[in-house]
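A.B. asks: Below is the structure I would like to discuss, written out as structure tokens.
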Amino acid sequence: MSRRRAAVSGQRKRTGPSAPAGPELCCGPPAPAAEREVPLGLMLRRIPAALARTVRLAWSVDRWMVLAVLGCQLAAGAGTAVTLAAVARSMEVLFGAGDPARTVREAAPALLVAAAATGAGAGAGARLIAEWATRRLNPKIAGAMELTLVDLHMRAELAAFDDPGFTDRSRAAETGVGRAMALTEDAKALTEGVVQLAVAASVLTVLHPSLLAVLALSVVPRAVGGAVAARIDHQVFEASTSARTTRDVMRWFLTTPDLADELRANTMRPYLYRWYQGMCERVEGRTLAAAPRFLRVGAVAAVLGGVCTAGLWATLAGLVLTGRMPAATAGAAVVAAQGAGRALGNLVRYGAALFHDGLYLDGYHRFVADAGARRVRRGTRAVAAPREIRLEAAGYTHPGAERPTLGPLSLTLRRGEVVALVGGNGAGKSTLVRLVTGLVTATSGTVRWDGADLAGADAESVWRQVGLVPQNIGRWPLTVRENLHLGQEGTPGDEVLWRAARRVGMDEAAGRMPHGLDTLLARALWGGHELSGGQWQRLACGRALHRAPGLLVLDEPTSALDAAGEQHVLAAVREGARERITLMVTHRLDHARLADRVVVLAGGRVVEDGGFAELASADGPFARLCAEAARVGR
199 MSRRRAAVSG
209 QRKRTGPSAP
219 AGPELCCGPP
229 APAAEREVPL
239 GLMLRRIPAA
249 LARTVRLAWS
259 VDRWMVLAVL
269 GCQLAAGAGT
279 AVTLAAVARS
289 MEVLFGAGDP
299 ARTVREAAPA
309 LLVAAAATGA
319 GAGAGARLIA
329 EWATRRLNPK
339 IAGAMELTLV
349 DLHMRAELAA
359 FDDPGFTDRS
369 RAAETGVGRA
379 MALTEDAKAL
389 TEGVVQLAVA
399 ASVLTVLHPS
409 LLAVLALSVV
419 PRAVGGAVAA
429 RIDHQVFEAS
439 TSARTTRDVM
449 RWFLTTPDLA
459 DELRANTMRP
469 YLYRWYQGMC
479 ERVEGRTLAA
489 APRFLRVGAV
499 AAVLGGVCTA
509 GLWATLAGLV
519 LTGRMPAATA
529 GAAVVAAQGA
539 GRALGNLVRY
549 GAALFHDGLY
559 LDGYHRFVAD
569 AGARRVRRGT
579 RAVAAPREIR
589 LEAAGYTHPG
599 AERPTLGPLS
609 LTLRRGEVVA
619 LVGGNGAGKS
629 TLVRLVTGLV
639 TATSGTVRWD
649 GADLAGADAE
659 SVWRQVGLVP
669 QNIGRWPLTV
679 RENLHLGQEG
689 TPGDEVLWRA
699 ARRVGMDEAA
709 GRMPHGLDTL
719 LARALWGGHE
729 LSGGQWQRLA
739 CGRALHRAPG
749 LLVLDEPTSA
759 LDAAGEQHVL
769 AAVREGARER
779 ITLMVTHRLD
789 HARLADRVVV
799 LAGGRVVEDG
809 GFAELASADG
819 PFARLCAEAA
829 RVGR
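In this note's numbering, the protein residues as written are 199 to 832.
Encoded structure:
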């Protein structure tokens, strides 16, 4: 262990001091103080609420396992009650006057009952079944929460991802999913502690009412201490959420093979490592800064808890010495008090843990409510493949932005046309694509497909008519077959998929793969095969054309292809153009030359719209773009 620490320390020294982590990087505004500072009374009230929420969550995935756990808890409690009653009876007999051998024989039945109840009720049997049921619940709960989280992300309006704080809330929800299994364990242990404490407290009340009051007093310091420690832990988590999110984002850049060449060849590793180390130290520092607070809270709770426990034993001794409780009854009270002490310990420990983990579950439920409210809910009107798309004074403003990103602008796209969309960086091309495909709805004006306002149309019916090849295509870790047919229902025959691959010149590459259409395209997975950037683009274009969409949108679809591959794909795009609307976002003038129309965007507005020759000969932005391209030889 010491050599390992030395190695780590040496590695840090060789890389130099940590790079400044810079200002706090946030995906959204800081949480309100009301969410970071939770009053103690509210904390204690949250424990039953967290327990109820956990039970509801477990009930929703497998009610029979929940009933099994609760039944086992009650069975264990009944076993404890029988045990304590039998112990009390045996104590009375053993401490009574008479022949010792006779008293042992008379106490034997009660002792046997106590032993049997301990083994069968509060012992292995009930706990084993409860553990089995909990192990069945854990993966079901975690799986259901994980599926809900992913589904909400995929169903949310794209505008949600533009909202500051959405990423932080999503990260907090992921933490809640990770704590789900701990929650069920906490809930099981807490309910077991409640049942055992209730039984022991009932016995103590029967033996002498004053014992219950002292017992209740002894639990307060530990309960409060556990809750305060949980609050401190959650405050640390909240304070470091943004730093952890930023660190986790950077981790992908540092470890992905996609950027490994650039990172090494440009000697980026030392600086990036120090930057990442600085983020790790920021998270670590906030955790270590809270350690003294944990120590103080734990020490105070331990001292006060010890004083109150000593008071319990002093009360019991006083009752015996003053003759208000027989010695035999005191023996039973000792057993009950010890059981109550263990139950109290579990109650405090797992109550604090349930509160602690419940705070993370709150983050999950807050995100579920927020993302659920952001689900795509527009209308029920189904739309068909459009003959005409008309934008009328349409504009879009990102959430929180003061100025519109696009528009207002008016534009008409017609079936049979290939329209080239040209403009500089930040001109609004991507936003326009999102509007015409219904990925976002206009914040001003309207976007209509054959007269149907997309704001009131069924979004899924719109997207079924769209084939989109974005600039940053997804490299889906699926087979060639799945990649070509992804997004469509049914199972097409091999010939249909080979035809789709052939249209974009992907058939030869797929034919050389180990398993043809069934080759897995994921180098990181066992048996996977990796494609080049151009092959991924061919596959994406083949998938879009295979959909036979009413609206085909291509955003720099051949940027990674050689000249022959580029011409092959563009010919396939032109081949079926009469049956659809084709919108091609491009910076290349030779692509624009193939289009029927060229639409030029600048500053979120349409500044030119016409044929290539018409615009190239005019004294406008497109003509200047052509002149610049000719000057640099593009």
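Just so it is clear, CB atoms sit at the ideal spot from N, CA and C, and this is done for glycine as well.
Because the structure is a prediction, the values reported are computed rather than measured.
If you measure between the beta carbons of residue 708 and residue 740, is that distance less than 7 Å?
C.D. replies: The answer is no: Cβ separation not under 7 Å.
A.B. asks: Between residue 627 and residue 621, is the Cβ-Cβ spacing less than 7 Å?
C.D. replies: In contact: residue 627 and residue 621 (Cβ atoms closer than 7 Å).
A.B. asks: Suppose you measure from the CA of residue 591 to the CA of residue 332; what does that come to, to the nearest Å?
C.D. replies: Going by the C-alpha atoms only, they are around 58 Å apart.
A.B. asks: Taking a contact to mean a Cβ-Cβ separation below 7 Å, would you say residue 586 touches residue 648 in this structure?
C.D. replies: For residue 586 and residue 648, yes; Cβs fall inside 7 Å.
A.B. asks: Per DSSP, what kind of secondary structure is residue 606 in: helix, strand or coil?
C.D. replies: Residue 606 falls in the strand class under three-state DSSP.
A.B. asks: What are the residues that DSSP puts in a beta bridge with residue 651?
C.D. replies: Per DSSP, 646.
A.B. asks: Alpha carbon to alpha carbon, how far is residue 446 from residue 365? Give it in angstroms, no decimals.
C.D. replies: Computed Cα separation, rounded: 12 Å.
A.B. asks: Assuming residue 587 is part of the alpha helix (DSSP H), what are its boundary residues?
C.D. replies: Unbroken run through residue 587 is the beta strand (DSSP E), 586-594; no alpha helix (DSSP H).
A.B. asks: DSSP three-state call for residue 577: helix, strand or coil?
C.D. replies: If DSSP states are grouped into helix, strand and coil, residue 577 belongs with coil.
A.B. asks: I'd like the span of the beta strand (DSSP E) that includes residue 799, first residue to last.
C.D. replies: Looking at the DSSP string, the run of the beta strand (DSSP E) that includes residue 799 is 795-800.
A.B. asks: So the beta strand (DSSP E) residue 807 belongs to, where does it begin and stop?
C.D. replies: Run containing residue 807: 803-808, per the beta strand (DSSP E) assignment.
A.B. asks: Span of the alpha helix (DSSP H) holding residue 621?
C.D. replies: Segment 616-621 is the beta strand (DSSP E) holding residue 621; no alpha helix (DSSP H) there.
A.B. asks: My assumption, with CB atoms under 8 Å, is that residue 496 sits in contact with residue 543. Please give the rounded CB distance.
C.D. replies: With 8 Å as the limit, residue 496 and residue 543 do not qualify as a contact, their Cβ atoms being about 14 Å apart.
A.B. asks: Alpha carbons only, please: which of 398, 665 and 828 is nearest the one belonging to residue 280?
C.D. replies: The option with the nearest alpha carbon to residue 280 is 398.
A.B. asks: Determine the direct distance from the alpha carbon of residue 254 to that of residue 330, and round the result to whole angstroms.
C.D. replies: One C-alpha to the other measures close to 19 Å.
A.B. asks: Let me make sure I understand the geometry here. Which of 457, 556 and 346 has the alpha-carbon closest to that of residue 377?
C.D. replies: Of the listed residues, the one whose Cα sits closest to residue 377 is 556.
A.B. asks: What residues in its chain sit with their C-beta under 6 Å from that of residue 403, if we drop five residues either side in the sequence?
C.D. replies: Here the set comprises 410.
A.B. asks: DSSP on residue 716, reduced to helix/strand/coil?
C.D. replies: Of the three classes helix, strand and coil, the one that applies to residue 716 here is helix, per DSSP.
A.B. asks: Could you pull the start and end residues of the alpha helix (DSSP H) that residue 430 belongs to?
C.D. replies: Residue 430 -> alpha helix (DSSP H) spans 407-437.
A.B. asks: Sort out for me which residues DSSP pairs residue 780 with in a bridge.
C.D. replies: Paired residue(s): 616 and 750.
A.B. asks: Please report the distance separating the alpha-carbon of residue 467 from that of residue 672.
C.D. replies: Answer to the nearest angstrom: the Cα atoms are 27 Å apart.
A.B. asks: Determine, using beta-carbon pairs with one atom in the stretch 332-342 and one in the stretch 256-268, whether at least three such pairs fall under 8 Å.
C.D. replies: Taking 8 Å as the limit for Cβ pairs, the verdict is that the stretch 256-268 does touch the stretch 332-342.
A.B. asks: Can you find a heavy atom of the ligand NAD that lies under 6 Å from the Cβ of residue 825?
C.D. replies: In terms of ligand content, the structure shown is empty, and the ligand NAD therefore cannot be addressed.
A.B. asks: Can you give me the C-alpha to C-alpha distance between residue 819 and residue 807, rounded to a whole angstrom?
C.D. replies: When rounded, the distance between both Cα atoms is 11 Å.
A.B. asks: Just tell me which of 390, 821, 352 and 743 has its CA closest to the CA of residue 573.
C.D. replies: That would be 352, whose Cα lies nearest to the Cα of residue 573.
A.B. asks: Considering only C-alpha positions, which residue in the set 793, 374, 779 and 815 is nearest to residue 588?
C.D. replies: Considering only alpha carbons, the answer is 779.
A.B. asks: Quick check on the DSSP output: the beta strand (DSSP E) that includes residue 684 runs from which residue to which?
C.D. replies: First-last for residue 684: undefined, no H or E at that position.
A.B. asks: For the structure I just gave you, are there three or more beta carbon pairs, one from the stretch 671-688 and one from the stretch 602-611, closer than 8 Å?
C.D. replies: In short, these stretches do not touch, since the Cβ pair count stays below three.
A.B. asks: Taking residue 617 as the reference, which of 265, 247, 789 and 802 has the closest Cα?
C.D. replies: Of 265, 247, 789 and 802, the residue nearest in Cα terms is 789.
A.B. asks: Is it right to say residue 559 is buried, meaning 16 or more other beta carbons lie within 10 angstroms of its own, or is it exposed?
C.D. replies: By the neighbour-count rule (16 or more Cβ atoms within 10 Å), residue 559 is buried.
A.B. asks: Assuming residue 328 and residue 394 form a contact by the criterion Cβ under 8 Å, report the distance between their Cβ atoms to the nearest whole angstrom.
C.D. replies: So it is not a contact: roughly 13 Å between Cβ atoms.
A.B. asks: Once the 5 residues before and after residue 428 are set aside, which same chain residues still bring their CB inside 6 Å of it?
C.D. replies: Once the five neighbours on either side are set aside, the close Cβ partners of residue 428 are 550, 553 and 554.
A.B. asks: Which of the three DSSP states, helix, strand or coil, is assigned to residue 664?
C.D. replies: Strand at residue 664.
A.B. asks: Starting from residue 599, follow the alpha helix (DSSP H) in both directions and report where the run begins and ends.
C.D. replies: From DSSP, residue 599 is part of no alpha helix (DSSP H); its letter is neither H nor E.
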